[in-house]
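Protein chains in written order, with our numbering: chain A, 1 to 89; chain B, 90 to 572. Just so you know, even glycine gets a beta-carbon here, dropped at the ideal spot from N, CA and C. Here the structure comes first, spelled out in structure tokens, and everything after it is commentary.
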């Protein structure tokens, strides 16, 4: 598969995401299913501005954020990322 | 210890950020009593019994964040606004740095081994044969442990082929290397401050968040509000704790209100030079070994538990000690704030009296979030000429201190270093016998946190990732963190 065919996963490394659990997502090489690693391209990105609009009632609107193929996902952790990426393919 | 990525650390960071935002708005005095209600609104699903208890716990977290000694000064009738006024108008003693929220403590049952339903009452019964105290009996075809006889050696757990033996520890007690946590008659954890070495391992281990650090951030905030120049002294471990490089961290600190930023690694250089000279002198004088002296929790350990090491530990000041004196010499009127991963540094800070406040990385993170400073987006500030002490940034990692000392030895001199990488009950027992059996080394580096300061109680990032970010060997997204 060519590189450009891979779906893009943007991991927010803005300060707010980074210090609230987002840093751990950068160890994706260790926790993701190896099959997924080939199918996606990973990138650290600047603040996605999602943290500025946290809605207290909605846990999904909390950092850390990850954008998978253009869609924003909040309250991310390693298990959730594994699942979301598996669903994507 | 708990994984850092858990609900408790998230709640803590929310409390910190909310309090700080309101502080910088200038409305904290009016807002502070509302914060527990804002964080736990009416329709929250409580984790504990009810939302009222959850709110009370938030209240205690705010108190600890302001530096209140909860055990001593808890007054349920007193509104938070009054605590806040007091904190802002008088200084409170920093020791002890750790305090317990007794009502948050879940009174975990004593450390025990239990036989689960997985027990098949097998023929071989290795648990029964291997138990040194004959504490295991059989009833209804299943093993049973007599708690009164059990000495919690764990042999039965090791030998059971069905993994049917469970070990249920008391997390805070298990984390404490010096046995300073006991239970009172109600089963609530009590810290014995005559034994506590302020390592902070318990604060990172309690799954109920019942043992908390008294933050020093409000002392620092008061300094930032004052007229005097405030100098931030950043510990070597800061590299890797925030997105962005050191220059960007420096610039972020300047934006947060500090007037100057210095690296503690510069002081570490002096520590390493002096320790290199001292260890050679001691060996020539016939001594067998010398230990390092930069870990403040280790210093407490020696003072409180291992007095024989008072002669063995280096008399050199810690990197914080040297950098603080350098800063104060240059400008005696300025105030110094140490920013590091360590709680015990606050105890050292009190002793030194050149350090005016000590805060942790997680408190700094809250400060950045409250001020909307995105470290990775700011223009990097010039760090100046760091070539003379650059390698001393390794002071934050196990084996780094001894490494720097060895580097600074005269040519031809060789040392045999040994590393105490993290203190637990077992290494503590090992150190107790040093008077009889001296360590086979001349230079003993002691770090109470496993892996070094990068695993301290005030860190944000897991040591594994921090090492990656520090080493510059990061993969794509992590590399983006540094740009």
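* Asked: Can the beta-carbon of residue 408(B) be found closer than 9 Å to that of residue 356(B)?
  -> Yes, Cβ-Cβ distance for residue 408(B) and residue 356(B) is below 9 Å.
* Asked: Any beta-carbon of chain A closer than 9 Å to the one on residue 209(B)?
  -> No, residue 209(B) lies away from the interface with chain A (no Cβ there is under 9 Å from its Cβ).
* To do: Use the C-beta contact count for residue 309(B): other C-beta atoms within 10 angstroms, 16 or more gives buried, fewer gives exposed.
  => Here residue 309(B) is buried, its C-beta having at least 16 other C-beta atoms within 10 Å.
* Ignore the nearest five residues each way along the sequence and tell me which others in residue 109(B)'s own chain have a CB closer than 7 Å to its CB. => Excluding sequence positions up to five before and after residue 109(B), its CB lies within less than 7 Å of the CB of 455, 456, 459, all in the same chain and listed in chain order.
* To do: Assign residue 38(B) to buried or exposed, taking buried as 16 or more other Cβ atoms, counted over all protein chains shown, within 10 Å of its Cβ.
  => For residue 38(B) there is no data in the structure shown, the boundaries of chain B being 90 and 572.
* To do: Starting from the N-terminal side, write out each stretch of the alpha helix (DSSP H) that is 4 residues or longer and does not extend beyond the stretch 498 to 572 of chain B.
  => Qualifying alpha helix (DSSP H) stretches, in chain order: 514 to 521, 552 to 560, 565 to 571.
* Asked: So what does residue 145(B) bridge to, in DSSP terms?
  -> Answer is none; residue 145(B) lacks a bridge partner.
* Among all the DSSP beta bridges, which residues are the ones paired with residue 321(B)? -> 350(B), 426(B).
* To do: Using a cut-off of 8 Å between C-beta atoms, extract the partners of residue 487(B) located in chain A.
  => Residues of chain A with a Cβ closer than 8 Å to the Cβ of residue 487(B) do not exist, since the nearest Cβ in that chain sits about 20 Å away.
* **From 15(A), 21(A), 83(A), residue whose alpha carbon lies closest to that of residue 46(A)** => Comparing C-alpha distances from residue 46(A) to each of 15(A), 21(A), 83(A) shows the shortest one belongs to 15(A).
* Asked: Between residue 62(A) and chain B, is there a C-beta pair that is closer than 9 Å?
  -> So yes, residue 62(A) belongs to the interface.
* Rounded to the nearest angstrom, how far is the Cβ of residue 436(B) from that of residue 385(B), given a contact under 8 Å? -> That pair is a contact at about 6 Å.
* Classification of residue 102(B) by the beta-carbon crowding that lies within 10 angstroms, buried from 16 upward -> Taking all protein chains in view, the Cβ of residue 102(B) is crowded by 16 or more other Cβ atoms within 10 Å, so the residue is classified as buried.
* **8 Å Cβ cut-off: residues of chain B touching residue 77(A)** => Within chain B, the residues near residue 77(A) are 94.
* Can you find a C-beta in chain A that's less than 9 Å from the C-beta of residue 331(B)? -> For residue 331(B), the closest Cβ of chain A is nearer than 9 Å.
* Indicate whether residue 193(B) and residue 299(B) have their beta-carbon atoms separated by less than 9 Å. => Yes, they are a contact pair.
* To do: May I ask you to list the residues that DSSP assigns as paired with residue 12(A)?
  => Per DSSP, the beta-bridge partners of residue 12(A) are 45(A).
* Asked: Of all the residues that make up the stretch 447 to 465 of chain B, which are near chain A by a beta-carbon distance shorter than 8 Å?
  -> So the close ones are 451, 454, 457, 458, 462, 463, 464, 465.
* Is the beta carbon of residue 430(B) less than 9 Å from the beta carbon of residue 321(B)? -> No, the Cβ-Cβ distance between residue 430(B) and residue 321(B) is not below 9 Å.
* How many Å lie between residue 519(B) and residue 527(B) at the Cα? -> Each residue's CA atom was taken as its position, placing residue 519(B) and residue 527(B) some 10 Å apart.
* Asked: Could you check where the alpha helix (DSSP H) with residue 496(B) kicks off and where it finishes?
  -> Judged by DSSP secondary structure, residue 496(B) falls within the alpha helix (DSSP H) whose first and last residues are 489 to 496.
* Any chance the stretch 37 to 54 of chain A sits against the stretch 62 to 72 of chain A, with 3 or more Cβ pairs inside 8 Å? -> The answer is yes - the stretch 62 to 72 of chain A touches the stretch 37 to 54 of chain A, with three or more Cβ pairs under 8 Å.
* Return helix, strand or coil for residue 395(B), following the three-state DSSP convention. => In the structure shown, residue 395(B) sits in coil (DSSP, three-state: anything other than H, G, I, E or B).
* chain A partners of residue 123(B), CB-CB under 8 Å? -> Within chain A, no residue comes near residue 123(B); the closest Cβ sits about 14 Å away, beyond 8 Å.
* Asked: How about residue 84(A): is its Cβ closer than 8 Å to a heavy atom in the ligand ATP?
  -> With respect to the ligand ATP, the structure shown offers nothing to examine, as it has no ligands at all.
* Asked: Is the shortest distance between the beta-carbon of residue 16(A) and the beta-carbons of chain B less than 9 Å?
  -> It does; some Cβ of chain B falls within 9 Å.
* To do: For residue 195(B), name the three-state secondary structure that DSSP assigns.
  => In the displayed model, residue 195(B) falls within coil according to three-state DSSP, outside both helix and strand.
* To do: Would you be able to state if there are at least three C-beta pairs under 8 Å between the stretch 480 to 496 of chain B and the stretch 357 to 364 of chain B?
  => Touching, yes, given that three or more Cβ pairs across the two stretches are closer than 8 Å.
* Can you tell me the Cα-Cα spacing of residue 563(B) and residue 206(B), whole angstroms? -> Confidence is the limiting factor: at residue 563(B) the pLDDT is only 46, short of 50, which leaves the residue's position unreliable and the question unanswerable from this model.
* Per DSSP, residue 203(B) is paired with what? -> Answer is 255(B), bridged to residue 203(B).
* To do: Compare the C-beta of residue 1(A) with all C-beta atoms of chain B and state if any pair is closer than 9 Å.
  => Confidence at residue 1(A) is low in this model, with a pLDDT of 47, below 50, so the placement of that residue is unreliable and no value is reported for it.
* Asked: Straight-line CA distance for residue 139(B) to residue 130(B)?
  -> Straight-line spacing of the CA atoms in residue 139(B) and residue 130(B) works out to 12 Å.
* Cutoff 9 Å: residue 26(A) Cβ touching any chain B Cβ -> At least one CB of chain B lies nearer than 9 Å to the CB of residue 26(A).
* To do: With 9 Å as the threshold, decide whether the Cβ of residue 390(B) is near any Cβ in chain A.
  => Residue-level contact check: residue 390(B) does not touch chain A, since none of the beta carbons of chain A fall below 9 Å from its beta carbon.
* residue 228(B) (DSSP reduced to helix, strand or coil) -> DSSP places residue 228(B) in strand when its eight states are reduced to three.
* Check whether the stretch 207 to 226 of chain B touches the stretch 256 to 274 of chain B, counting contact only when three or more Cβ pairs, one atom from each stretch, lie closer than 8 Å. => Contact between the stretch 207 to 226 of chain B and the stretch 256 to 274 of chain B is absent, because fewer than three Cβ pairs lie under 8 Å.
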